[in-house]
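Colleague:
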Amino acid sequence: MSSEGGEPLDELKRLREENLYLRAEIENLKKLMAKEVEVVRRAEAEKLLLNMVLIYEEVERAYESLLSNSDTKQVLEGINMLLKEMKKLLAELGVNPIETLGKKFDPFVHEAVGFVERNDVEDGTVVAEISRGYEYTGKILKPPRVIVARRSQT
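Read in order, the letters of the sequence shown are residues 9 to 162 in the working numbering.
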C-alpha cells in the first residue's frame, strides 16, 4: 500500500521539478532574446551614427572649402549633394517629410506660428511652411511650423 501511495507523490514531485526546469528555460530564453534585441539595436545605431559621421565630414569639408575657395558655385553644388545624401538617408530610415501646403490645418500634426487673412483659399488652409515637419512610422517626429489662412472678417 505504501508503494501505491508513493506513486502520486513521486509524480507530483516530478511535475514540480519539471515545472521549475521549464520556468528556468523560459527565463533563459527571455534573457537571450533581450541580448539579441540589444545587439540588433546597437548595430542599427552604429549604422546610423556612421552615416551621420560621413555626412558631418562632408559638411566640414564644405565649410573648409568655403573658407579657402572663392568658387561659390562649386561649394553650393557640394552642399546640394550633401542635402541629397541626407534626404536619401532619412528616407531609408523611414523618416518622411509631412506635406503641408494646401492641406487643412490639423493641430495634431501642424504647429501654427501665424495666420494670414486670405479669401482665395478655404478657411484653415495651410498657405506657407516656415519649417518642414517629419514623421517616422506614423508618429510626428517634428511638427511642421505653418501659416494658416483665415477668412477676412469684412
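All residues carry an ideal CB built from backbone N, CA and C; glycine is no exception.
These numbers were taken from a predicted model, which means no experiment stands behind them.
I'd like to know whether the C-beta atoms of F3 and V156 end up nearer to each other than 8 Å.
Modeller: An answer regarding residue 3 cannot be provided, because it is not within the stretch 9 to 162 covered by the chain.
Colleague: State the start and end residues of the unbroken beta strand (DSSP E) segment that holds D138.
Modeller: Looking at the sequence shown, residue 138 is not Asp but Ile. I138 -> beta strand (DSSP E) spans V134 to S139.
Colleague: Kindly indicate the opening and closing residues of the alpha helix (DSSP H) around N104.
Modeller: Unbroken run through N104 is the beta strand (DSSP E), V103 to P105; no alpha helix (DSSP H).
Colleague: Could you tell me the distance, in whole angstroms, from the CA atom of S139 to the CA atom of A51?
Modeller: Between S139 and A51, the C-alpha separation is close to 31 Å.
Colleague: Quick one: is P152 buried, meaning 16 or more other Cβ sit within 10 Å of its Cβ, or exposed?
Modeller: Buried, by the Cβ-count rule.
Colleague: Which class does L30 belong to by DSSP, given the choice of helix, strand or coil?
Modeller: It is helical.
Colleague: List the endpoints of the continuous beta strand (DSSP E) containing V124.
Modeller: Counting along the chain, the beta strand (DSSP E) containing V124 begins and ends at E119 to E125.
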